[in-house]
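Participant: Below are the structure tokens for one structure; questions will follow.
Chains as they are written, first to last, in the working numbering: chain A, -4 to 327; chain B, 450 to 752.
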């Protein structure tokens, strides 16, 4: 028994060597590339975080959410307004903007969570647009209209450790992305993750096995929104300015593409999707005005050749066994 | 009273644009269960096509048909062109992935939308174009103290004729019955001897053609066209589709007209800046109480 356990552990360490290699490469990246590319990789990190947050809603539960940027906007504006008006440090606002985005999601999604498929899709679009337009119209003079809010501080712990240059921001975002990934992998394997996947596969069956569908759907929205709020906080402190144009419908649909290009519900897939969306336009800068044209063609081609995404999620062992036995009985 | 009537008329004009575009969304969705995100950009392409036709054709066509004849000719040619573009989009971007389910089609549709939008930018340039007064005739008429432009009359006339025609085709003809049969159940419709390929072809030609016509009319009404306007109108028209009940053709017409009027009411009685917020709030309220839209039928849950 003991022997079996040991080999198992040994296998685990070796099995994960590509991940360790990837982490090491990521750690030394800022020393070999210039500041511009460090910034590009920072935005890759932001997209990865947003993609992971949308992946909870879209990939795990299968709810169409095309207004996800709205939640990020709530997080970013919470950070911006509280920091510039009251001088609350950014690091304190990190959990606070997550809570405000999550609370907002809970508030607006409660009445609409029973809608199905495309109807939910248009409501989330509408919600995202309402948030953007409201921010643009400067309600009570706190959001600064289309100019946005500017002069946001850098994140810091006292005055000793200040995140104030590209390299530090790069490590900052990727540490958070890393922690999120660890959390999400655990979540996927938990009771909650299984309930989510069950709802995605068949809502009626899920409900009949005693899963509280409404609660789990709301939970997905709340968690996804909270993560998007965190991304909003980091984004605001990096750019030092937030304006409504950063949270348009176009950006929300790009997030949608990140999840689908990578592969629904697959964490490595989301990272690849985020890389595709954020790095692709950078590599093709030489094509100038044809850049987005090529980008669109690539999106269509990608879906034609790999409709399930680049790195689709592996089915679990039990599921695979079930499919195999089912196929076996059908054939013979 | 006069102001209310004038605003109602303006709202109806904008609403008929939305309704024409919404019909394309609704027809495609009804048969394919697919949100054609490229539809808004096909509409913008129609607008640019009409512009070019009017500018370059003005010397020949306007001389023989007169300025009004030229405008209608441009509309018809743009409609044909966009119909062809619509079927091309279907062939290239959607047909290869029908078997893969609904979600890959969303990404493909967004990709097609980006391609069309940036294609317009590459061909016509990033700056807005204007339908000048040389190619578009417009007079302000005064009927019983209510001001109405001749373009408005043209727009309302043409869009109501088109909507009536489409309603007639879908509800009264054999071809329309085939479309409705496909919307109900595609595989059973195929078993009944309906050629699904033909239906899909016509759906993707007819919907964008209506959108293209709306594009030319928007150009005539507002004069200014931009290459990004497809997103805006597409989003509004999609909202209209959902408001009326997606996949439902009278619903799309009602939703579009209602949306235009709501927008006008919002901008007059609330504020211009918040008119879109008003529209979306109404949409969400409608969906909370009628989850399948105004005219949408209650769909039984499949178990």
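Note that CB positions come from ideal geometry on N, CA and C, so glycine has one too.
Please read all numbers here as calculations on a predicted model, not as lab measurements.
What did DSSP end up calling residue 110(A) once you bin it into helix, strand or coil?
Facilitator: Position 115 of the first chain, counted from the first residue, corresponds to residue 110(A). Looking at residue 110(A) - three-state DSSP - the assignment turns out to be coil, as it is neither helix nor strand.
Participant: Could you tell me which chain A residues have their CB closer than 8 Å to the CB of residue 719(B), listed as they occur along the chain?
Facilitator: Mapped onto the second chain, residue 719(B) falls at position 270. Here the premise fails: no neighbours, minimum Cβ distance about 11 Å.
Participant: Which residue wins for smallest C-alpha separation from residue 691(B), given the options 714(B), 573(B), 728(B)?
Facilitator: Numbered from its first residue, the second chain carries residue 691(B) at position 242. Cα-wise, what sits closest to residue 691(B) is 728(B).
Participant: Less than 8 Å between the C-beta atoms of residue 192(A) and residue 70(A), yes or no?
Facilitator: For this step, residue 192(A) is matched to residue 197 along the first chain. For this step, residue 70(A) is matched to residue 75 along the first chain. No; because the gap between Cβ atoms is not below 8 Å, this pair is not in contact.
Participant: Taking the alpha carbon of residue 80(A) as the reference point, which residue from 144(A), 196(A), 140(A) has its own alpha carbon closest?
Facilitator: Translated into the one-based positions of the first chain, residue 80(A) becomes position 85. Comparing Cα positions, the closest option is 144(A).
Participant: For chain A, check one thing: does any of its Cβ atoms lie closer than 8 Å to the Cβ of residue 725(B)?
Facilitator: Numbered from its first residue, the second chain carries residue 725(B) at position 276. So yes, residue 725(B) belongs to the interface.
Participant: At least one CB of chain A closer than 8 Å to the CB of residue 560(B): is that the case?
Facilitator: The sequence position of residue 560(B) within the second chain is 111, counting from 1. Closer than 8 Å: yes.
Participant: Consult DSSP for residue 323(A) and reduce its assignment to one of helix, strand or coil.
Facilitator: Taking the first chain and counting its residues from 1, the one referred to as residue 323(A) is at position 328. Model confidence at residue 323(A) stands at a pLDDT of 49, short of 50, so the residue's coordinates are unreliable; what they give is reported in the following sentence. The answer is helix: DSSP assigns residue 323(A) an H, G or I state.
Participant: Across the stretch 488 to 505 of chain B and the stretch 693 to 700 of chain B, are there enough close Cβ pairs to call them in contact, namely three or more that are closer than 8 Å?
Facilitator: no
Participant: When the Cα atoms are used, what is the spatial distance from residue 721(B) to residue 515(B)?
Facilitator: For the purposes of this step, residue 721(B) is identified with residue 272 of the second chain, where counting begins at 1. For the purposes of this step, residue 515(B) is identified with residue 66 of the second chain, where counting begins at 1. Going from the Cα of residue 721(B) to the Cα of residue 515(B) covers about 37 Å.
Participant: Please go through the same chain and pick out, in chain order, the residues whose beta-carbon is closer than 6 Å to the beta-carbon of residue 693(B), but skip the five residues on each side of it.
Facilitator: For the purposes of this step, residue 693(B) is identified with residue 244 of the second chain, where counting begins at 1. Answer for residue 693(B): 700, 701, 703, 704, 742, 743, 744, listed in chain order.
Participant: Please report the Cβ distance between residue 668(B) and residue 499(B), rounded to the nearest whole angstrom; I am assuming they are in contact, meaning their Cβ atoms lie under 8 Å.
Facilitator: Sequence index remark: in the second chain, residue 668(B) carries index 219 (1-based). Sequence index remark: in the second chain, residue 499(B) carries index 50 (1-based). Distance from residue 668(B) to residue 499(B) at the Cβ level is roughly 6 Å; contact confirmed, criterion being Cβ atoms closer than 8 Å.
Participant: Which residues does DSSP pair with residue 279(A) in a beta bridge?
Facilitator: Residue numbering aside, residue 279(A) sits at position 284 when the first chain is read from its first letter. The partner list for residue 279(A) (beta bridge, DSSP) is empty, contrary to what the question assumes.
Participant: Mind pulling the alpha helix (DSSP H) runs of 4 or more residues that sit fully within the stretch 514 to 598 of chain B?
Facilitator: 552 to 573
Participant: Shorter than 8 Å from the beta carbon of residue 680(B) to some beta carbon of chain A?
Facilitator: As a position in the second chain, residue 680(B) is number 231, starting the count at 1. The beta carbon of residue 680(B) falls within 8 Å of a beta carbon belonging to chain A, placing the residue at that interface.
Participant: Where in the stretch 607 to 692 of chain B do unbroken runs of the alpha helix (DSSP H), each at least 4 residues long, occur, reported from the N-terminal end onward?
Facilitator: 623 to 633, 635 to 640, 645 to 671
Participant: Using 8 Å as the threshold, is the C-beta distance between residue 554(B) and residue 483(B) below it?
Facilitator: Here residue 554(B) is taken as the residue at index 105 of the second chain, counted from 1. Here residue 483(B) is taken as the residue at index 34 of the second chain, counted from 1. It is a contact, given that the beta carbons lie within the stated cut-off.
Participant: Cα separation between residue 112(A) and residue 550(B)?
Facilitator: For the purposes of this step, residue 112(A) is taken as residue 117 along the first chain, with counting starting at 1. For the purposes of this step, residue 550(B) is taken as residue 101 along the second chain, with counting starting at 1. Near 13 Å, if we compare the C-alpha coordinates of residue 550(B) and residue 112(A).
Participant: Give a yes or no on whether the minimum CB-CB distance between residue 63(A) and chain B is below 8 Å.
Facilitator: Within the first chain, numbered from 1, the residue matching residue 63(A) stands at position 68. Output row for residue 63(A): interface = no.
Participant: Kindly indicate the opening and closing residues of the alpha helix (DSSP H) around residue 77(A).
Facilitator: For the purposes of this step, residue 77(A) is taken as residue 82 along the first chain, with counting starting at 1. It spans 63 to 81 - the alpha helix (DSSP H) in which residue 77(A) sits, taken as one unbroken run.
Participant: Which residues, in chain order, does the stretch 524 to 549 of chain B contribute to contact with chain A at a C-beta distance below 9 Å?
Facilitator: 541, 542, 545, 546, 548, 549
Participant: To which residues of the same chain is residue -3(A) closer than 8 Å at the C-beta, ignoring the five residues directly before and after it?
Facilitator: Taking the first residue of the first chain as 1, we reach residue -3(A) at position 2. Legend: pLDDT at residue -3(A) = 49, less than 50; position of this residue unreliable, value from coordinates given subsequently. Taken in chain order, the list of residues that qualify is empty.
Participant: Is residue 135(A) helix, strand or coil when you go by DSSP?
Facilitator: As a position in the first chain, residue 135(A) is number 140, starting the count at 1. Correct three-state label for residue 135(A): helix.
Participant: For a contact defined as C-beta to C-beta under 7 Å, what are the partners of residue 722(B) on chain A?
Facilitator: Numbered from 1 along the second chain, position 273 holds the residue referred to as residue 722(B). Correct list: 132.
Participant: Which of the three DSSP states, helix, strand or coil, is assigned to residue 604(B)?
Facilitator: Here the question's residue 604(B) lines up with position 155 in the second chain. Helix, per DSSP.
Participant: What are the uninterrupted segments assigned as beta strand (DSSP E) that are 3 or more residues long and contained completely in the stretch 18 to 55 of chain A, given in chain order?
Facilitator: none
Participant: If you draw a straight line from the alpha carbon of residue 53(A) to that of residue 524(B), how long is it in whole angstroms?
Facilitator: Here residue 53(A) is taken as the residue at index 58 of the first chain, counted from 1. Here residue 524(B) is taken as the residue at index 75 of the second chain, counted from 1. Rounded to the nearest angstrom, the two C-alpha atoms are 41 Å apart.
Participant: For the alpha helix (DSSP H) containing residue 456(B), list its first residue and its last residue.
Facilitator: In the second chain, counting from the first residue as 1, residue 456(B) sits at position 7. Run containing residue 456(B): 451 to 481, per the alpha helix (DSSP H) assignment.
Participant: Where do the N-terminal and C-terminal ends of the alpha helix (DSSP H) with residue 183(A) fall, by residue?
Facilitator: Numbered from 1 along the first chain, position 188 holds the residue referred to as residue 183(A). First-last of the alpha helix (DSSP H) with residue 183(A): 161 to 183.
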